[in-house]
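Novice: Below is the structure I would like to discuss, written out as structure tokens.
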Amino acid sequence: MTAAPIEMESALWRFSLAVYRGAGVQEECLDVQERHGVDVNLLMLCAYAGAVEGAELSATEVADALDATLAWHADVVRALRQVRRTLKRWGAGGQGALSQVTEALRVKVKGAELEAEQVEQAMMWRWLRLRAARLPAPDRRAALAGNVRALLVRCGAEGAGADPLQALPRFCAAALQAGARDRSTGTGS
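Add 15 to a position in the sequence shown, counting from 1, and you land on the number used in the working numbering.
Laid out in structure tokens, this is it:
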């Protein structure tokens, strides 16, 4: 038996790109990433499962999805992110030929980081497809909020920081909007 192919251009990836372009969404995502160590790709998976498929993920399923990609995220995505951040001070802030070549390298690393995140999402997409049929499907808004809350709590958020509508209001609105668009055009799952 051969393994299922990796789907790089999945509905999850397209959803993530649409949501991330929303006004203020990038800032909210980066804020929870910095404050709580939230993997934004896992945040997108939780949002997609709820907003598009109406699937409710338990805390255990969120932990399983995290475990399925943890090594890739830590060893590849975060490593590339650290290299890109380090190169920024050598490139953008420098002067002369070294800063120009360093900035060019930083742009290439940024592209590699984005591609590594796409691979991570492909891994998450496969994880979701293996479980989607047996996930409970309540109201999409409730599923989105529950999934994101489960992730925020898993990452140590408490109180208002664990309430998706307070911690990530623009993200949640953009996810619901993208989810409605995906369902109306038939581009989800």
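Note that the Cβ used here is the ideal one computed from N, Cα and C, for glycine as well.
Everything numeric in this text was worked out from a predicted model, so none of it was measured.
Leaving out five residues before and five after L191 in sequence, what residues of the same chain have Cβ atoms less than 8 Å from its Cβ?
Specialist: The answer, listed in chain order, is A66, R155, R156 and L159.
Novice: Could you name the residues of the same chain whose beta carbon sits closer than 8 Å to that of M138, not counting the 5 residues immediately before and after it, in chain order?
Specialist: Closer than 8 Å at the Cβ level, and outside the excluded window around M138, lie I21, A83, T84 and W87.
Novice: Give the range of the alpha helix (DSSP H) segment to which H88 is assigned.
Specialist: Here H88 belongs to no alpha helix (DSSP H), and DSSP marks it neither H nor E.
Novice: Straight-line CA distance for A147 to R100?
Specialist: Those two C-alpha atoms are separated by around 36 Å.
Novice: In chain order, what residues of the same chain have a beta carbon less than 7 Å from the beta carbon of E135, not counting five sequence neighbours either side?
Specialist: The residues are N56, T84, W87, H88 and V92.
Novice: Going by the CB atoms, is the gap between A175 and Q181 shorter than 7 Å?
Specialist: In this structure, A175 lies closer than 7 Å to Q181 by Cβ.
Novice: So the alpha helix (DSSP H) A127 belongs to, where does it begin and stop?
Specialist: From DSSP, the alpha helix (DSSP H) with A127 extends over G111 to R146.
Novice: When the distance is taken between beta carbons, is R169 closer than 7 Å to V77?
Specialist: Yes, Cβ-Cβ distance for V77 and R169 is below 7 Å.
Novice: So, with DSSP's three-state summary, where would you put C170?
Specialist: Looking at C170 - three-state DSSP - the assignment turns out to be coil, as it is neither helix nor strand.
Novice: Return the chain-ordered list of same chain residues with a C-beta closer than 8 Å to the C-beta of L27, the five sequence neighbours on each side being excluded.
Specialist: M59, L60, Y63, Q136, M139, W140 and L143, listed in sequence order.
Novice: Please determine, among L166, P184 and A172, the residue with the shortest C-alpha to C-alpha distance to T75.
Specialist: The shortest Cα separation from T75 among L166, P184 and A172 belongs to L166.
Novice: By the 10 Å Cβ neighbour count, where 16 or more other Cβ atoms means buried, how is V122 classified, buried or exposed?
Specialist: When all chains shown are included, V122 counts as exposed.
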